[in-house]
Amino acid sequence: MKFWNSKLAWLMLAAALAVLMLQVSGLDAGSPSAARQPNPAAADLPGFTAMAPIDAHAHVYADDPSFAAMLKRLNLRILDICVIDDRDAFSKALEPQRGDVLKVRRITGGRAAFCTTFSPYGFEEAGFKEQTIRQLNHDFSNGAVAVKIYKVMGMEMKNKAGKWVMADDPAFEPIYQDIAAHNRTVVAHLAEPDSCWQPPNPSSPDYGYYKEHPEEYAYAHPDWPSKASILAVRDHLLAENPRLRVVGAHLGSMETDVDQMARRFDRYPNFAVDTAARVPYLMLQPRAKVRAFLIKYQDRVLYGTDLGLMPGENTTAALRHWREEYLRDWRFFATDEEVTYHGKQYEGLKLPQPVLRKIFHDNAVHWFPGIVPGK
Ligand SMILES: [Zn+2]
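Per the numbering used here, the sequence shown starts with residue 18, numbered consecutively.
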């Protein structure tokens, strides 16, 4: 009996220590059952935190103190991105997003950096250029480190003559020049995954998205520009503006084939990509090929997620999802453990530490000057 009691006491001490370690590692808001049965991968999140990670693609519009606390706990920074899309009720205009992002920046002590945008819809109106440049310069003086351009160019907008308006339209050129002159960066979400132009395929990572957003599903609109033509326009923009840094969101919409990215990196020194919402596409390609690509182009890939937090959203549930995503991605990039995606197992890439440091921190600092204040 005495032996049993001391064993029990030892077990309780071990359990208390395990809970303490989880709290220290930033997983404290996990479920009690997670604390009782520690996830073997939990030990990896301190590795993520040690990188001083930067999530270079997020959309946080709720200034919730628990979000700020999570950033601090994970030693994490984000690029908080505004986006204008007149098909979406929340994203119709720059406000309230810009005000929301500035509030998030304040409450996080600057861990959320401000990425502004501009409305492209008025490009045929008199004074568009002057007004847009004035707005952007105001945002730059207010600390904006980047400017998002969006897929509505090439996939939604038409001019008065009924022609598609593409990202390299001459109306936008003075704006790109102004961004470059201010040493700011463009985040370019142009085109979409290949599956946007293909028949519905339940095994595609984006199947659910196009089911929910038929208005964005190019396959259902055969009159829309082809993906190849939109990417050719993006490449033209890169060639025309060699002094403009451009980070292609979502693996630059070349998600199915790392060779496509490699060709652009070789051709355009002003181009990098983020991984936002496309990490599974790296799992789906041959592991050795993806690993070699990330090592060769270790200066050109920025870690990003596309995670979000909307005003009024259930923060506890959202933050649990954020942590799960970081854990999965970190395991995939940093370890050779099995990572599960859609019920299938993929072996992690176990990238060398210096490469991880670039993807998770250094590249964001380089491509978005000012994202870490004072750096
Ligand atoms: Zn996004």
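Positions of the beta carbon are idealized from the N, C-alpha and C atoms, including for glycine.
For residue 323, the CB falls within less than 6 Å of some heavy atom of ligand 1.
Between residue 78 and residue 328 a beta carbon distance of about 6 Å is seen, short of the 8 Å cut, so the two are scored as contacting. Under the DSSP definition of a beta bridge, residue 181 partners with 175.
For residue 319, the three-state secondary structure derived from DSSP is strand.
DSSP, reduced to helix, strand and coil, places residue 291 within a strand of the structure shown. For residue 237, there is no enclosing alpha helix (DSSP H), as DSSP marks it with neither H nor E. In the structure shown, the three-state DSSP call for residue 374 is helix. For residue 383, the enclosing alpha helix (DSSP H) has its first and last residue at 380-384. From the listed residues 109, 239, 362, 289, the smallest Cα separation to residue 172 is found for 239.
Remark: C-beta atoms of residue 325 and residue 76 approach each other more closely than 7 Å.
Within the same chain, 248, 265, 277, 278, 281, 290 come within 8 Å of residue 271 by CB-CB distance, once the 5 residues on both sides are set aside. Going by DSSP, residue 66 is part of the alpha helix (DSSP H) stretching over 62-67. Separation of residue 150 and residue 132 (C-alpha to C-alpha, rounded to the nearest whole angstrom) is 15 Å. Beta-bridge pairing by DSSP links residue 306 to no other residue. Residue 305 places its beta carbon 7 Å or farther from that of residue 323. Per DSSP, reduced to three states, the secondary structure at residue 132 is strand. By the Cβ test, the region 174-184 is not in contact with the region 218-236, since fewer than three Cβ pairs between them sit closer than 8 Å. Judged by DSSP in its simplified three-state form, residue 196 adopts helix.
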